[in-house]
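Spelled out as structure tokens, the structure:
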């Protein structure tokens, strides 16, 4: 119950921040569209998760680069982010296997928030097909603002070289987090940011906290990570 209340409070706080970044009418229209998407498209995310990224995007209107989403499930978050991308005149690049989670032997057992996550991240879980995701965006979002990149991250991300204004990681696995950070963080423009939805998973936290990984594989000192070890939602700003 404490986790649910925390996310509810976070959502209210983020709606206030949204009101500081958008005119009242625009904010109301955006939240109304989001509500419809949440109602009609299956999604495991909480409103506060999406709003965390939306606020980061709006704060970075002038930062050069595209928006990126890694891991999109059925396309609920993607449809929402596509609306924001269109508002900002940016492209949303979406990386997903469209086959669910990859094969892995990661022994996830319990979130730092206290709930069991055993069995959540087995191969094939959280699968949304390319057709399902595209249909969700076409119906509820702004498909012209989107570029969908199907395939495993380790196959698709190494050749990606566009500047990133803001990126959203909802990838669940430690191995996928490593791949995303290694290939995406160096592309984040100064003043841009990556947001991770996976800050409550201990194995993922080990990746974020691994200074050797940051220095030897990402190629930079470990950055300051807002919320590390304290919240589900992590924000890493590129200085």
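In my numbering, the protein residues as written are 358 to 596.
Glycine included, every Cβ here is placed at the ideal spot set by N, Cα and C.
Once DSSP output is grouped into helix, strand and coil, what is the label at residue 427? For the purposes of this step, residue 427 is taken as residue 70 along the chain shown, with counting starting at 1. Reduced to three states, the DSSP call for residue 427 is strand.
Mind checking whether residue 564 and residue 409 have CB atoms under 8 angstroms apart? Locating residue 564 in the chain shown gives position 207, where the first residue counts as 1. Locating residue 409 in the chain shown gives position 52, where the first residue counts as 1. Residue 409 sits away from residue 564, with the two beta carbons spaced by 8 angstroms or more.
Here's the rule: buried if 16 or more other CB atoms are within 10 angstroms of the residue's CB, otherwise exposed. What is residue 373? Start at 1 with the first residue of the chain shown, and residue 373 comes out as number 16. Residue 373 should be labelled exposed.
Find the nearest neighbour of residue 510 within the set 482, 526, 581, 522, judged by alpha-carbon distance. Sequence index remark: in the chain shown, residue 510 carries index 153 (1-based). Check the Cα spacing between residue 510 and each of 482, 526, 581, 522: the tightest is with 526.
Could you give the distance in angstroms between the alpha-carbon of residue 496 and the alpha-carbon of residue 477? Residue 496 sits at position 139 when you count from the first residue of the chain shown. Residue 477 sits at position 120 when you count from the first residue of the chain shown. If I take the Cα positions, the gap works out to 29 angstroms.
With distance defined between alpha-carbon atoms, name the residue in 392, 365, 391, 426 nearest to residue 522. What you label residue 522 is simply residue 165 of the chain shown in a count that begins at 1. Distance check between residue 522 and each of 392, 365, 391, 426 places 426 closest, using alpha-carbon atoms only.
Between the C-alpha atoms of residue 549 and residue 596, what's the straight-line distance to the nearest angstrom? Start at 1 with the first residue of the chain shown, and residue 549 comes out as number 192. Start at 1 with the first residue of the chain shown, and residue 596 comes out as number 239. One C-alpha to the other measures close to 8 angstroms.
Alpha helix (DSSP H) segment containing residue 493, residue limits: If you number the chain shown from 1, residue 493 lands on position 136. Its alpha helix (DSSP H) spans residues 487–497.
Consult DSSP for residue 583 and reduce its assignment to one of helix, strand or coil. Taking the chain shown and counting its residues from 1, the one referred to as residue 583 is at position 226. Residue state, collapsed to three classes: strand.
Is residue 567 closer than 8 angstroms to residue 529 when the C-beta atoms are compared? As a first step, residue 529 is located in the chain shown; it is residue number 172 there, counting from the start. As a first step, residue 567 is located in the chain shown; it is residue number 210 there, counting from the start. No, Cβ-Cβ distance for residue 529 and residue 567 is not below 8 angstroms.
Under 8 angstroms, do residue 448 and residue 493 count as touching if we go by C-beta distance? Indexing the chain shown from 1 puts residue 448 at position 91. Indexing the chain shown from 1 puts residue 493 at position 136. No.
Could you check whether residue 434 and residue 500 sit closer than 8 angstroms to each other, using their CB atoms as the reference points? In the chain shown, residue 500 corresponds to position 143, counting from 1. In the chain shown, residue 434 corresponds to position 77, counting from 1. Between residue 500 and residue 434, the gap from beta carbon to beta carbon reaches 8 angstroms or more.
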